[in-house]
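A short write-up of the structure that comes next.
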Ligand code: GN1
Ligand code: MG
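In the numbering used here, the protein residues as written are 1108 to 1511.
In structure tokens form, the structure reads like this:
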């Protein structure tokens, strides 16, 4: 079961099965390769990848882009991640990739000043095309990009230990700290108004009004839930407008599976940088807690399983504030809990809007998947509301440990 050079028959073969089975299998004859095989082969050949390729397999659990792992036949060689960027979601991919170059360069520069840092392991590395571009556009108008694959790392959709939560907090706090002195004007919006709850709600109300696919009658209690909280959830935006909360470059998609931990569960690298844009720190804190403190998965069907793991909340908060204490202002500290409520609420609104519009944004795995996700996130908001005082106490208590 040897590896196959880019351009070799075995490589072409591997890819064909990715499309059918999502599994690499070896040995098909060259003359049986499909047109998809050849297309993908040409695609990888467009990048600066000089390796014998053993396999290409579907990878990860993202809802937006399509990701594949390219395995090197040399176990000591570099493996790669190939991604098709969803250009219906990210409408200006060249700008997006320019952002990524600026952000990764800034991170590498800052880390190079910290003794003991390993730039290759701690920041994603973008592989250019043979003509020096950070992405490749195929004949169908799809955008592709390649990163170095970070071996011996893991990401978790759900957290199981306090150490994982603590390390995740440290990783995202550090990420914000490293970007705190970056020139904000360099980074352009890749999705305008991404976490702007007012525009999310306006879009939601339009979808309710249109009821395009006739699902409105199924979701009346969920609509009521969203409307009851609409005003309260605008607080972060209002504090931003008065200047009380500074706009910073933040990650904006801090699901726990967007931090890679090493084999000892120590934080190694923050990934999925497509939504790194100006925003508020509370957005990042809230989105992490949405996935970390939830006792069930993001789309749990049995809502009785959804609860808050206070101990994991505390561990994440400790890790985050340990790093964020370097730059966080008092009003930002006070905004964190608002972010904790806002992000699952915003996610409720987004899933429900997609459900009303006929599921064109998120990948779904069953016909009512977006409704199931809505109900899970809505339950999470309720649980967080019930625990508001405890969570607030933990944030303030932890802060005083670092800033007596
Ligand atoms: C999407 O693709 P993924 O899983 O990284 C979404 C996030 C949501 C998340 C919900 C660009 O992220 O905002 O929080 O799904 N990304 C975009 O799981 O919309
Ligand atoms: Mg993402």
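Note that the Cβ used here is the ideal one computed from N, Cα and C, for glycine as well.
Using a 10 Å radius around the Cβ and a threshold of 16 neighbouring Cβ atoms, would you call residue i buried or exposed?
i	result
residue 1449	buried
residue 1211	buried
residue 1147	buried
residue 1411	exposed
residue 1109	Residue placement at residue 1109 is flagged as unreliable, the pLDDT there being 30, under the threshold of 50; the coordinate-derived value follows with that caveat. Residue 1109 should be labelled exposed.
residue 1125	Only weak support exists for where residue 1125 lies, its pLDDT of 38 falling under 50; the value from the coordinates is given anyway. Answer is buried; the Cβ neighbour count reaches 16.
residue 1438	exposed
Could you give the distance in angstroms between the alpha-carbon of residue i and the alpha-carbon of residue j?
i	j	result
residue 1155	residue 1234	6 Å
residue 1190	residue 1263	20 Å
residue 1504	residue 1280	17 Å
residue 1491	residue 1159	50 Å
residue 1312	residue 1188	38 Å
residue 1185	residue 1246	28 Å
residue 1248	residue 1309	31 Å
residue 1116	residue 1237	Confidence at residue 1116 is low in this model, with a pLDDT of 28, below 50, so the placement of that residue is unreliable and no value is reported for it.
residue 1350	residue 1455	27 Å
residue 1468	residue 1415	28 Å
residue 1175	residue 1253	10 Å
residue 1213	residue 1375	17 Å
residue 1378	residue 1363	10 Å
residue 1145	residue 1271	41 Å
residue 1354	residue 1291	9 Å
residue 1477	residue 1328	15 Å
residue 1294	residue 1199	13 Å
residue 1302	residue 1386	8 Å
residue 1232	residue 1432	28 Å
residue 1400	residue 1417	7 Å
residue 1168	residue 1473	15 Å
residue 1510	residue 1223	26 Å
For a quick check, are the C-beta atoms of residue i and residue j less than 9 Å apart?
i	j	result
residue 1398	residue 1488	no
residue 1096	residue 1440	Residue numbering for the chain in the displayed model covers 1108 to 1511; residue 1096 lies beyond these limits and cannot be assessed.
residue 1274	residue 1368	yes
residue 1193	residue 1206	no
residue 1424	residue 1501	yes
residue 1346	residue 1499	no
residue 1434	residue 1358	no
residue 1483	residue 1421	no
residue 1228	residue 1208	no
residue 1298	residue 1196	yes
residue 1452	residue 1326	no
residue 1508	residue 1269	no
Along the chain, where does the alpha helix (DSSP H) that runs through residue i open and close?
i	result
residue 1496	1495-1509
residue 1424	1417-1431
residue 1213	1200-1219
residue 1178	Per DSSP, residue 1178 belongs to no alpha helix (DSSP H); it is in the beta strand (DSSP E), 1173-1179.
residue 1286	1269-1286
residue 1462	1437-1464
Taking only heavy atoms of the ligand GN1 into account, decide whether any of them is closer than 8 Å to the Cβ of residue i.
i	result
residue 1175	no
residue 1206	no
residue 1382	yes
residue 1454	yes
residue 1107	Given a span of 1108 to 1511 for the chain in the structure shown, any question on residue 1107 remains unanswerable.
residue 1362	yes
residue 1298	yes
residue 1365	yes
residue 1252	no
residue 1469	yes
residue 1229	no
residue 1408	no
residue 1062	This structure gives no information on residue 1062, because the portion of the chain shown stretches from 1108 to 1511.
residue 1418	no
residue 1238	no
residue 1391	no
In the DSSP assignment, the beta strand (DSSP E) including residue i goes from what residue to what residue?
i	result
residue 1395	Residue 1395 -> not in any beta strand (DSSP E); alpha helix (DSSP H) instead, spanning 1388-1399.
residue 1349	Segment: none, residue 1349 is in no beta strand (DSSP E) and carries neither H nor E.
residue 1368	1366-1369
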